[in-house]
Each structure stands twice: as C-alpha cells, then as structure tokens.
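Undergrad:
Residue numbers (this note's numbering): 34 to 397.
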C-alpha cells in the first residue's frame, strides 16, 4: 500500500534538482544558461528546507519570500519562467526519484484488468512515463489539481501519489467498481479521490445506466491544472469523445492542459475496398491492427475482411477505435481547446519516443 504522499521523497528530489536545475532570471548577474549546484543552487531557487520530524520547523526563506516550503523549491509564479528544457529536467528527475520509491508490489490480474499489461516492468514503466508527460507537457506542479479519466487500477495514480503533495488534489474515475476498490485499498493519500461512475459502454460496462455522450463530469468549472486520459479515447465513439472534450475544457482552469492518447490513422493507411486500412502496428500478433473506416474520419478495429474484431473479448462493434488526426484535432477545436502539440506513437511503427499510442497536448 502506498501510505505516504508526495512529501516522502521531496527532500531527495529538491537536492537533486538543486544540483542540476537552471531557471531563467531577470537579472543579468544570473544568466539563463548558468548551472549551479549544492547550497548555492538551493539559494538561487529559493528552496526552503522541509520541516524536520523532530522540530516541525525549517530554516526561514529570505525576507520577501513565502515561508511556506514548496516542493522542489518552486512557487506557482515561477512556472511561467521555465523553459521546456527545465520542465524536461524536472520530469526526468522526479521520475528517477519516484522509480526508486515505489514498492514493486504487482497484482497481475488487476494489471491485466487495467489495460492488458501483465508484465510488472511494463506496468510500472507506463505509469512513470505518464508522470513525466504530466510534468513535461502538462506543466503539472506538485501542488496542482489533476484529473485522471479512466483511472483503472491506478497505474498512473501510484507514481503520482509520490509527486502530488497534500496541497494538491488527484481525482480519478472509472466504470469498474473492482478497479476503484483496488485503488482505494492500495493508495492511501489524503488528497487522492477515486470514484466509480456507472457510464455505459458497449464492451466494458454494458449494464451502465449513464449515457457517456451526455454525461457531465462531477467536478466544478475550472478546477484542474491538468487532465489526462491514457488509452481512453481509443474506446470512445465520436459523440462520446466530443462530450468528453467539452467536459475537459469546462473543468480545466484557464491555461490548464490536457494530455490525451489515441490511435491516429496515418494518411497512407487506406489500401483496400470497404475503407480498410493496411495492417498497422507491430508484427502480426496482438500488437498488429487493422481498422475499417466508419465515416467522417472515425475507424473501428476489424479483421482482414472488415468484420469487427477485439484482441481480448467478443465485440460486435470493433475495439479499439481510431481517428484520422485531422478529425481528432477538429473535435478538440470544436470544444474550444487549443492544440499545443501532437506526437506519433510507437504502435504504428514509429520509434518509441512519446509512448505507445499517439498523443495530443491541449490547452484551455
């Protein structure tokens, strides 16, 4: 069980960042490219020592700065000054520290329920990978509020529980009660909240009573600093995807970001009659995919003859689903979300740089 929150590893994290971190400074005395280490870097970053267990107090910050110690020595106002390289450094440092902190307790059955990953190394790697994505591209600070759409059995929530402090908040929801029960049992963090929502899905929750294409997320407007959906839009039809995008925008604060993964059909993928794609993916087995065009840039998984297919379950429609990239970006734009970046996934033969599925970074 994960019993401690983000503060557990922050002292180690702060010192590692202090040795490597460079922050742009308005004063010419501190050049943007200057690298410092040790105590000098902590002073430059305004890092306040964390309270000790014995005294409950720490050394005060310089006059004029908040005496409330912030994780990794950053105040919210500092984030506007950070370059992409700085965020990348923070993300890699956090991931390195958290990787050593996570207890390698692995439940193969629950991992398979979450997404088919029955290999422990791959299960933990994906969670850490998304932690890096959220920091690097989502600009998520340790004190931020984050929404995990389709949280599953906590593959991403576990590493996040070592990063998000008690000042922040994590909300995750899923359609499976068993997954939510597992998360509540294994992740004991006062700022983490898991909810089961009985959304209807033709494959994963057939008895669900709530329509996914009209559902309002149960969160107030402009609550979240970052939202992510890992391999969720790979299972949503167009009306549901459009609704989720609208809800993401509504619940994101202004300037907040969303990271979504999905299958993007390559422009040269169509090759057969009936709107069938060529064989995509890797190899000829379970990591190979063929899709059928269902109209308007939306595709469903199929066999070589165009019949609906699923890797694991009997499926009359065809899952996972895919979108032409222009179609998906149009849906994002219609929801008034700004597309910041998009990255190709390794699933269609690209080098493994940005995860297995294609990814889009959005901003409100």
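All residues carry an ideal CB built from backbone N, CA and C; glycine is no exception. Keep in mind that this is a model prediction, so the values were computed, not measured.
Of the residues 265, 130, 352, which one's Cα is nearest the Cα of residue 205?
TA: To locate residue 205, count along the chain shown from 1; it is residue 172. Comparing Cα positions, the closest option is 265.
Undergrad: Put residue 282 into one of helix, strand or coil per three-state DSSP.
TA: Position 249 of the chain shown, counted from the start, is the residue given in the question as residue 282. If DSSP states are grouped into helix, strand and coil, residue 282 belongs with the helices.
Undergrad: Among 365, 281, 366, which one has its Cα closest to the Cα of residue 182?
TA: On the chain shown, residue 182 is found 149 positions in, with the first residue counted as 1. The option with the nearest alpha carbon to residue 182 is 281.
Undergrad: Suppose the cutoff is 6 Å on Cβ atoms and the five residues either side in sequence are ignored; what does the same chain contact list for residue 230 look like?
TA: Locating residue 230 in the chain shown gives position 197, where the first residue counts as 1. Excluding positions up to five away in sequence, the list reads 206.
Undergrad: If I follow the unbroken beta strand (DSSP E) through residue 326, where does it start and stop?
TA: Reading the chain shown from its first residue, position 293 is the one you call residue 326. From DSSP, the beta strand (DSSP E) with residue 326 extends over 324-328.
Undergrad: Quick one: which unbroken beta strand (DSSP E) runs of 3-plus residues sit fully inside the segment 208-287? Chain order, please.
TA: You should have 225-229, 257-262.
Undergrad: Just list the beta strand (DSSP E) runs in the segment 350-390, keeping only unbroken ones of 3 residues or longer that don't cross its boundaries, in chain order.
TA: DSSP runs (the beta strand (DSSP E)) wholly in the segment 350-390: 354-357, 371-376.
Undergrad: In chain order, what residues of the same chain have a beta carbon less than 6 Å from the beta carbon of residue 355, not counting five sequence neighbours either side?
TA: Working through the chain shown from its first residue, we reach residue 355 at position 322. The residues are 296, 298, 324, 332.
Undergrad: Can you tell which of 353, 136, 393 has its C-alpha closest to the C-alpha of residue 336?
TA: Walking along the chain shown from the start, residue 336 turns up at place 303. The shortest Cα separation from residue 336 among 353, 136, 393 belongs to 353.
Undergrad: Apart from the five residues on each side of it in sequence, which residues of its chain come closer than 7 Å, Cβ to Cβ, to residue 128?
TA: For the purposes of this step, residue 128 is taken as the residue at position 95 of the chain shown. If we look at residue 128 and ignore the five residues flanking it on each side, its Cβ neighbours are 161, 164, 165.
Undergrad: Using C-beta distances below 6 Å, list every residue in its chain close to residue 383, excluding the 5 sequence neighbours before and after it, in chain order.
TA: On the chain shown, residue 383 is found 350 positions in, with the first residue counted as 1. Excluding sequence neighbours, residue 383 sits near 377.
Undergrad: Where DSSP assigns a beta bridge to residue 334, which residues make up the other side?
TA: Translated into the one-based positions of the chain shown, residue 334 becomes position 301. Paired residue(s): 324.
Undergrad: Measuring CB to CB, does residue 276 end up less than 8 Å from residue 246?
TA: In the chain shown, the residue the question calls residue 276 occupies position 243. In the chain shown, the residue the question calls residue 246 occupies position 213. Cβ distance < 8 Å, so residue 276 and residue 246 count as in contact.
Undergrad: Run through DSSP, which three-state label would residue 143 get?
TA: Mapped onto the chain shown, residue 143 falls at position 110. Residue state, collapsed to three classes: helix.
Undergrad: Would DSSP call residue 125 helix, strand or coil?
TA: In the chain shown, counting from the first residue as 1, residue 125 sits at position 92. Reduced to three states, the DSSP call for residue 125 is helix.
Undergrad: May I have the straight-line CA-CA distance separating residue 312 from residue 302, to the nearest angstrom?
TA: As a working mapping, residue 312 is identified with position 279 in the chain shown. As a working mapping, residue 302 is identified with position 269 in the chain shown. Computed Cα separation, rounded: 8 Å.
Undergrad: Shortest alpha-carbon distance to residue 350 belongs to which of 370, 285, 270, 388?
TA: By one-based count along the chain shown, residue 350 stands at place 317. If we check each option's Cα against that of residue 350, 270 comes out closest.
Undergrad: With burial defined as no fewer than 16 other Cβ atoms inside 10 Å of the residue's Cβ, what is the status of residue 251: buried or exposed?
TA: One-based indexing of the chain shown puts residue 251 at position 218. By the 10 Å Cβ count, residue 251 comes out exposed.
Undergrad: How many angstroms separate the CA atom of residue 116 from the CA atom of residue 171?
TA: To locate residue 116, count along the chain shown from 1; it is residue 83. To locate residue 171, count along the chain shown from 1; it is residue 138. Going from the Cα of residue 116 to the Cα of residue 171 covers about 13 Å.
Undergrad: Does the distance from the CB of residue 193 to the CB of residue 208 come in under 8 Å?
TA: For the purposes of this step, residue 193 is identified with residue 160 of the chain shown, where counting begins at 1. For the purposes of this step, residue 208 is identified with residue 175 of the chain shown, where counting begins at 1. No, Cβ-Cβ distance for residue 193 and residue 208 is not below 8 Å.
Undergrad: For residue 249, which residues from the same chain have a beta carbon less than 7 Å from its beta carbon, with the 5 sequence-adjacent residues on both sides left out?
TA: Position 216 of the chain shown holds residue 249. Closer than 7 Å at the Cβ level, and outside the excluded window around residue 249, lie 280.
Undergrad: Below 8 Å on the Cβ atoms is my contact criterion, and I expect residue 289 with residue 263 to pass it. Report the Cβ-Cβ distance as a whole number of Å.
TA: As a position in the chain shown, residue 289 is number 256, starting the count at 1. As a position in the chain shown, residue 263 is number 230, starting the count at 1. Between residue 263 and residue 289 the Cβ distance is about 17 Å, and since that is not below 8 Å, they are no contact.
Undergrad: Just to confirm my understanding: we take residue 278, look at its own chain, exclude 5 residues before and 5 after, and list those with CB closer than 7 Å. What are they?
TA: Taking the first residue of the chain shown as position 1, residue 278 is located at position 245. 364, 365, 368, 370.
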